[in-house]
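Peer 1: After the structure tokens below, expect a handful of questions from me.
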Amino acid sequence: MTHDVNPQAADDNEPTDAASGAESFDPATFDPATFDPETVSAEDSELAAEVLDFWAATRQYAGMAKASIVVGQTVSETVPPQAWSFGDEPELAERLLDAVLAGDKTATSSALWDYDAEGAPLPVVGELSILLDGENHPRALIRTTSVETVTFDEVDEDFAAAEGEDDRTLESWRTGHEAYFRRNLPEGREFSADMPVVCERFELLYPRL
């Protein structure tokens with residue numbers, strides 16, 4: 083339904099693991115540019131390594147393999163794109179990922195207020211993302227194809243169908259997303275029909291259908 087925002091930003095106030103003294107690590111906020119495997123648990127480091135391995139195996143689908151052969155690997159090729167999962171719970175993340183892999187889901191939407199609260203940049207056309215499953219394992223590589231901010235009540239039937247959820251009607255989209263936004267909006271924000279929604283469309287690069 084809606085994915086986590088600012089997935090690559092480092093958090094200087096990240097809580098620590100009381101037992102080990104290591105930082106609490108969330109793969110959905112993994113920043114490969116600053117990641118230090120010595121600061122997290124062995125299990126979390128293993129999951130972070132999965133993202134790196136997944137990118138090494140799939141970046142060819144983003145059209146990067148040929149360039150690296152000619153001029154060598156660039157920083158943009160070796161550092162994975164942002165990695166995130168859909169929704170606010172593992173079951174929802176799994177269900178929506180399955181819809182992407184089946185070709186039914188080619189769009190996602192988020193409250194603009196989430197980006198504002200996190201100080202996160204909006205998605206841009208051409209941006210790559212690695213999708214995680216409900217257990218934070220990398221499963222798919224996508225590329226953003228369009229981004230538009232509209233009010234909640236301006237989302238149309240075509241976009242609702244592209245989100246690939248429930249019966250893919252605008253009525254079910256509104257029902258499900260209103261419930262989701264009411265659960266997850268930042269403090270001080272309340273759902274309304276004119277709240278701004280970031281509507282993002284994407285294409286699945288890997289695995290290919």
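Here the numbering used here is used: the first residue of the sequence shown is 83, the next is one more, and so on. Cβ atoms here follow ideal geometry from the backbone N, Cα and C, with glycine treated the same way.
Taking only the alpha-carbon atoms, compute the straight-line gap between Gly145 and Arg221 and give it to the nearest angstrom.
Peer 2: Against the sequence shown, residue 145 aligns to sequence position 63. Against the sequence shown, residue 221 aligns to sequence position 139. If you take the alpha carbons of Gly145 and Arg221, they lie about 18 Å apart.
Peer 1: For Cys281, count the other beta carbons within 10 Å of its own beta carbon; 16 or more makes it buried, fewer makes it exposed. Which is it?
Peer 2: By one-based count along the sequence shown, residue 281 stands at place 199. Cys281 is buried by the Cβ-count criterion.
Peer 1: Suppose you measure from the CA of Gly208 to the CA of Arg271; what does that come to, to the nearest Å?
Peer 2: Here residue 208 is taken as the residue at index 126 of the sequence shown, counted from 1. Here residue 271 is taken as the residue at index 189 of the sequence shown, counted from 1. Approximately 30 Å, taken between the alpha carbons.
Peer 1: Would you say Glu247 lies against chain D (beta-carbon separation less than 8 Å)?
Peer 2: The structure shown contains no chain D; it holds only a single protein chain.
Peer 1: Can you list the alpha helix (DSSP H) stretches of 4 or more residues lying completely in the segment 232-276, in chain order?
Peer 2: For the segment 232-276, whole alpha helix (DSSP H) runs of length 4 or above, ordered along the chain, are 239-245 and 252-266.
Peer 1: Start and end of the beta strand (DSSP E) containing Pro278?
Peer 2: Counting from one through the sequence shown, the residue named residue 278 turns up at place 196. Pro278 to Tyr288 is the span of the beta strand (DSSP E), which, as asked, contains Pro278.
Peer 1: Does Thr140 pass the burial test, meaning 16 or more other C-beta atoms within 10 Å, or should it be called exposed?
Peer 2: Translated into positions along the sequence shown, residue 140 becomes position 58. Buried, by the Cβ-count rule.
Peer 1: Residues in the same chain with beta-carbon distance under 8 Å from Ser191, minus the five sequence neighbours each way, listed in chain order, please.
Peer 2: Along the sequence shown, one-based indexing puts residue 191 at 109. Met83, Thr84, Val237, Phe241, Glu245, His259, Val279, Val280, Cys281 and Glu282.
Peer 1: Buried or exposed: which applies to Thr188, given that a residue is buried once 16 or more other Cβ atoms fall within 10 Å of its Cβ?
Peer 2: The sequence position of residue 188 within the sequence shown is 106, counting from 1. Thr188 should be labelled buried.
Peer 1: For Glu239, which of Ser211, Thr251, Leu174 and Val232 has the nearest alpha-carbon?
Peer 2: For this step, residue 239 is matched to residue 157 along the sequence shown. If we check each option's Cα against that of Glu239, Thr251 comes out closest.
Peer 1: Using the Cα positions of Ala165 and Glu253, report the straight-line distance between them to the nearest angstrom.
Peer 2: Taking the first residue of the sequence shown as 1, we reach residue 165 at position 83. Taking the first residue of the sequence shown as 1, we reach residue 253 at position 171. Using only the alpha carbons, I get a separation of about 30 Å.
Peer 1: Measuring straight from C-alpha to C-alpha, what distance separates Glu285 and Glu230?
Peer 2: Here residue 285 is taken as the residue at index 203 of the sequence shown, counted from 1. Here residue 230 is taken as the residue at index 148 of the sequence shown, counted from 1. Distance between the alpha carbons of Glu285 and Glu230: 16 Å.
Peer 1: For Leu214 and Ala199, what's the separation of their Cα atoms in angstroms?
Peer 2: Taking the first residue of the sequence shown as position 1, residue 214 is located at position 132. Taking the first residue of the sequence shown as position 1, residue 199 is located at position 117. If you take the alpha carbons of Leu214 and Ala199, they lie about 23 Å apart.
Peer 1: Put Pro205 into one of helix, strand or coil per three-state DSSP.
Peer 2: Residue 205 sits at position 123 when you count from the first residue of the sequence shown. Coil at Pro205, not helix or strand.
Peer 1: Does the beta-carbon of Val133, which I'm using as the reference point, lie nearer than 7 Å to any heavy atom of the ligand SAH?
Peer 2: Looking for the ligand SAH in the displayed structure turns up nothing, as the structure carries no ligands at all.
Peer 1: Quick one: what's got a C-beta closer than 8 Å to Ser274's C-beta in the same chain, skipping five residues either side?
Peer 2: In the sequence shown, the residue the question calls residue 274 occupies position 192. Closer than 8 Å at the Cβ level, and outside the excluded window around Ser274, lie Phe234.
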